[in-house]
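Student: The numbering used here applies: residue -7 is where the sequence shown begins, and numbers increase by one.
Beta carbons are placed, not taken as given, at the ideal position from N, Cα and C, and that holds for glycine.
It should be emphasised that the depicted structure is a prediction, and the values quoted were computed from it without experimental measurement.
I have a structure I would like to understand better, so I am pasting it below and will then ask my questions one at a time.
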Amino acid sequence: MSATLQNGSTSTGLLETFNKIIADKLKILIKMNSQHKITRQKQTSLSKLTYNKLLRLFNKENAVYNHYEKAGKVKSTFKKSCYLVSYLLPGIAAYILINLEFVYNGLTAFFGLNGYDFQYYTFVIFTLGWHIAFPVLMLRKNDGLEWKEIPKFLSLDRFSLKEILVAAPVAFALSVLLSLPYMVMVYIPFQSWLNSITIFQIPTYSIFASYEAFYGAPVFILIMMMVGNFIGEEIYFRGYLMKKTSFLGKYNWLVGSVLFCIYHLWQIPQTWPLIVPFLFFGLTMQLRKNLYTMIAFHIFFNLAGVQIYHLILGLGPVQ
-7 MSATLQNGST STGLLETFNK IIADKLKILI KMNSQHKITR QKQTSLSKLT YNKLLRLFNK
53 ENAVYNHYEK AGKVKSTFKK SCYLVSYLLP GIAAYILINL EFVYNGLTAF FGLNGYDFQY
113 YTFVIFTLGW HIAFPVLMLR KNDGLEWKEI PKFLSLDRFS LKEILVAAPV AFALSVLLSL
173 PYMVMVYIPF QSWLNSITIF QIPTYSIFAS YEAFYGAPVF ILIMMMVGNF IGEEIYFRGY
233 LMKKTSFLGK YNWLVGSVLF CIYHLWQIPQ TWPLIVPFLF FGLTMQLRKN LYTMIAFHIF
293 FNLAGVQIYH LILGLGPVQ
C-alpha cells in the first residue's frame, strides 16, 4: 500500500514538473513572439518612415500648382477629348508640312525658300507660336486669367537654382539608369522595325535627318529654335496641357508622357524607340511641379541623353 502511494506521489511529482517545464517554455515562446512582433512593427515603422522621407525628397509639395491643376481641370467629355488631341496636333501638322514630300515641295516653291530655311522657320513658328503664344492666349481669353496669374498656372512662378542644378541632373541621371534595361533589349530592334516602314521614315531632306542639318541653322534662328524646343515644349506640354488633363488622375503623367513621345511624328524612328526614357518627362513634372526643372531636364535629355545611350549601346556618336 505504501509502495503504491509512493509510486503515485512520484508520478504526480513528475507530471507537475513536466507541466511546469511546458508552461515555462510556452511563456518563453510567447515572450519571443511578442518581441518579434514588436521588432516587425519597428521595422515596418522604420520602412514607412524611410519611404516617406524618400517621397518627400523627390515629391515636392506646391500648393499653387495644386490649385491651378484643380482649377484647370476640364469636365466635359468633348473638352477632355480636345485637350488629349492637342498633344498630337502640332506633330500631325509638322508631319504634313515636312514629311509629305508633295506638300513640302509645293510650300517651299510657293514661299520661294530653300528646304532647310523653310523647315527652320516652320520649327520656330511652331515652338514659339503654337507652344508658347497659344497657351498664353487660351489662359487669358478662354480661362479668364489675369496676366500675373499665367506664369503661376504654367509653373513659371518659382525660379530655383536648386531645381536646375540639383533636381534636374538627378532626374536625368535616374532616367538614364532606370531606362538602360529597356534600351539594351528593345531600342535597336524597335528602331530598325520603325525604319523599315516607309511612312515612318525621316525624309533625307529633313533637318532632323542629321545633327549637322539641325544645328547648322543660322545662329539667331538656332537660338530661337532652342528657346522654342526647350522652353516652348515644356510650357505647352507640362505647363499647360498636363494641368488641363488632370482629369486622368494618377495616370496623367503617364498618358501625357506617352502622347508627348508620339507627338514627334516627323522623326518617328528617333523618338518612338525612346518611349521609356520619355516617361520621365511627365513623372519628373508630377514630382517636382516646377517648369524650370523640366526645362533643364529637357536640355540634358536632348543634348546628352541620346548620345549617352548611343555610346553605351556601342552605336557611336549620334550623326
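(1) What number of angstroms, rounded off, separates the C-alpha of Asn321 from the C-alpha of Leu172?
(2) Determine the DSSP secondary structure at Val66, reduced to helix, strand or coil.
(3) Kindly indicate the opening and closing residues of the alpha helix (DSSP H) around Leu170.
(4) Report buried or exposed for Tyr43, applying the criterion of at least 16 other Cβ atoms within 10 angstroms of its Cβ.
(5) With 16 other CB atoms within 10 Å as the buried threshold, where does Ile84 fall?
(6) Considering only residues of the same chain and omitting the five flanking positions on each side of Leu148, which have a CB-CB separation below 6 Å?
(7) The alpha helix (DSSP H) with Ile300 in it runs from where to where?
(8) Is it buried or exposed for Met217, if we count other Cβ within 10 angstroms and need 16 for buried?
(9) Look at Ala165 and Thr285 and say whether their C-beta atoms are less than 7 Å apart.
(10) Count the other CB atoms within 10 Å of the CB of Ser73; is the residue buried (16 or more) or exposed (fewer)?
(11) Please state if the CB of Phe252 and the CB of Phe273 are separated by a distance shorter than 7 Å.
(12) Measure the alpha-carbon distance for Val211 versus Phe115 and round it to whole angstroms.
(13) Report the start-end ranges of each alpha helix (DSSP H) in the segment 240 to 299 that is 4 residues or longer and not cut off at the edges.
(14) Alpha carbon to alpha carbon, what distance is there between Leu307 and Phe326?
(15) Helix, strand or coil: which one does DSSP assign to Asn58?
(16) Please classify Tyr43: does DSSP put it in a helix, a strand, or coil?
Tutor: So, to answer that:
(1) There is simply no residue 321 to check, as the chain begins at -7 and stops at 311 in what is shown.
(2) coil
(3) Counting along the chain, the alpha helix (DSSP H) containing Leu170 begins and ends at Ala160 to Tyr174.
(4) With a pLDDT of 46 at Tyr43, under the threshold of 50, the modelled position of that residue is not reliable, and no figure is offered here.
(5) Residue environment for Ile84: exposed (fewer than 16 other C-beta atoms within 10 angstroms of its C-beta).
(6) Leu283
(7) Val298 to Ile304
(8) Looking at its Cβ environment, which holds 16 or more other Cβ atoms inside 10 Å, Met217 is buried.
(9) no
(10) Burial call: exposed.
(11) yes
(12) 14 Å
(13) 244 to 254, 260 to 263, 267 to 280 and 283 to 292
(14) The question about residue 326 has no answer here: the residues shown for the chain are numbered -7 through 311.
(15) helix
(16) At Tyr43 the pLDDT is 46, less than 50, meaning the model places this residue with poor confidence; the figure from the coordinates comes in the next sentence. In the structure shown, Tyr43 sits in a helix (DSSP, three-state: H, G or I).
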